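S.K.: Take this structure first; my questions come after.
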Amino acid sequence: MSGKAEKLVEQQLQAKQNKRDVDVKELYLSEKNLTDVCDLSRFPNLRHLYLSKNRLRRLRCLNNNFRLAELYLDQNEMVEISGALEHLTCMEVLHLHDNQLTKLENVIYELRKMQNLKVLNLFNNPISQEEEYRLYVIHHVPSVELLDRQAVLKSERDTAKRLYDQKNTSISDTISFGRRSDGPPSIYHPADREKLQVTVPMKNVANNFLLDNPPYDTIDDAVASRTMKKAAYTYSSFDWSKVPRAEERRLSDKAFDQPQINTVQFQT
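Letter by letter, the sequence shown follows residues 53 to 320 of our numbering.
Here you go:
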């Protein structure tokens, strides 16, 4: 069947009067009932490739087409794309909707280097039915601006970051609510000089310690009295180790333990 694709390519080259392979920037092979595509490495400057509405299940024809910017593979029978697209780092538009892609992690792994990818369609695949699918894609392919024909919102990016970047988010939340602190409030809101009161020390300051701390008969009595004067503090912290990551919740069927708050009390 790749012979059929090769004949179609030659027909297009003749119709467009392309004399050199390096001049070919677009190929239209949609709706040709293709189950395979011939190697297209001879066209190093290929930018647009249309393969929609065929019967393709895998793709092994783009090994050296590094300049490819738009690829239309929708409405085929694609079951995987592993090893077929990861080197296409100039990709800007990728249509993979209406196929049979079942492993979301493998698909996203293939797209991870496409930093110029702006338009991505994955709808009508089994992967699009997975829980939190859209947020997962938004987080792992941050360059995408239009996903499944819907614009990616800032609120979606923020939600995706909280779900899939929990470690960094929890750290930033503990540092001045995510912002750098330049000092205590007294620096920016100093007290009025008129309200400041000067405390006049009492006479015999050196003897005040003996007045406030009378001697005790035994050491145990002194320790007990000292303990009663200590201030009690309570420190609580959220146990993040009990909170499953969003990816774990999505992939696992087991029930997770309820998150816990650890509380410690001490006196000073």
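Quick reminder that beta carbons are idealized off the backbone N, C-alpha and C, glycines included. All values reported here derive from a predicted model rather than from experimental measurement.
1. From the DSSP secondary-structure annotation, give me the bridge partner or partners of L198.
2. With DSSP run on the structure shown, which of helix, strand or coil describes E182?
3. Where do the N-terminal and C-terminal ends of the alpha helix (DSSP H) with L79 fall, by residue?
4. Can you round the beta-carbon distance between L98 and N117 to whole angstroms, since I take them to be within the 8 Å contact cut?
5. Would S277 be called buried (16 or more neighbouring beta carbons within 10 Å of its own) or exposed?
6. At a Cβ threshold of 7 Å, is V193 touching chain D?
7. Can you name the start and end residues of the beta strand (DSSP E) that Y102 belongs to?
8. Using a 10 Å radius around the Cβ and a threshold of 16 neighbouring Cβ atoms, would you call A85 buried or exposed?
9. Comparing C-alpha positions only, which one of P96, K105, L120 sits nearest to E83?
10. In chain order, what residues of the same chain lie with their CB nearer than 6 Å to the CB of A203, ignoring the 5 residues before and after it?
11. By the three-class DSSP mapping on this structure, what secondary structure does K68 have?
12. Below 8 Å on the Cβ atoms is my guess for V196 versus I179; work out the distance and round it to an integer in Å.
13. State the DSSP-derived secondary structure class of Q127, mapped to helix, strand or coil.
14. Compute the Euclidean distance between the alpha carbons of L114 and E157, then round it to the nearest angstrom.
15. By how many angstroms is the C-alpha of A67 removed from the C-alpha of Q181?
16. In whole angstroms, what separates the C-alpha of N176 from that of L92?
17. Rounded C-beta distance between M166 and L125? I'm assuming under 8 Å.
18. Pull the bridge partners of L146 from the DSSP assignment, please.
19. Please classify L163 as buried or exposed, where buried requires at least 16 other C-beta atoms within 10 Å of its C-beta.
20. Return the first residue and the last residue of the alpha helix (DSSP H) that N158 is part of.
21. Tell me the rounded alpha-carbon separation between L169 and G55.
22. Rounded to the nearest angstrom, how far is the Cβ of E65 from that of L101, given a contact under 8 Å?
23. Can you list, in chain order, the residues of its chain whose CB lies under 6 Å from that of D210, leaving out five sequence neighbours each side?
24. Which of the three DSSP states is assigned to Q152 in this structure?
25. State buried or exposed for V316, treating a residue as buried only when at least 16 other CB atoms are found within 10 Å of its CB.
26. So what does DSSP say about T315, is it helix, strand or coil?
27. So, with DSSP's three-state summary, where would you put G55?
M.R.: So, from the listed chains and residues:
1. Beta-bridge pairing links L198 to V171, A203.
2. Coil at E182, not helix or strand.
3. Note, L79: premise wrong, no alpha helix (DSSP H); beta strand (DSSP E) at 78 to 80.
4. L98 to N117, Cβ: 5 Å. Contact.
5. Exposed is the call here.
6. Going by chain labels, chain D is absent from the structure shown, which holds only one protein chain.
7. Note, Y102: beta strand (DSSP E), 100 to 102.
8. A small correction: the amino acid at residue 85 is Asn; Ala does not occupy that position in the sequence shown. It counts as exposed.
9. E83 has its Cα closest to that of K105, out of P96, K105, L120.
10. If we look at A203 and ignore the five residues flanking it on each side, it has no Cβ neighbours.
11. DSSP places K68 within a helical segment (H, G or I) once states are collapsed to three.
12. Wrong, their Cβ atoms sit about 15 Å apart, outside the cutoff.
13. The DSSP-derived three-state label of Q127 is coil.
14. Looking at the two C-alpha atoms, the distance is approximately 22 Å.
15. Those two C-alpha atoms are separated by around 42 Å.
16. Looking at the two C-alpha atoms, the distance is approximately 28 Å.
17. For a cut-off of 8 Å, the C-beta gap from M166 to L125 is around 14 Å, too long to register as a contact.
18. Per DSSP, the beta-bridge partners of L146 are L123, L172.
19. L163 is buried by the Cβ-count criterion.
20. Judged by DSSP secondary structure, N158 falls within the alpha helix (DSSP H) whose first and last residues are 156 to 163.
21. Roughly 31 Å between the two C-alpha positions.
22. The residue you asked about is not Glu; residue 65 is Leu in the sequence shown. Rounded, the Cβ-Cβ distance is 14 Å, inconsistent with contact.
23. In its own chain, leaving out the 5 sequence neighbours on each side, no residue places its CB closer than 6 Å to the CB of D210.
24. Residue state, collapsed to three classes: coil.
25. Residue environment: V316 is assigned as exposed (fewer than 16 neighbouring CB atoms within 10 Å of its CB, all protein chains considered).
26. Reduced to three states, the DSSP call for T315 is strand.
27. Three-state DSSP puts G55 in a helix.
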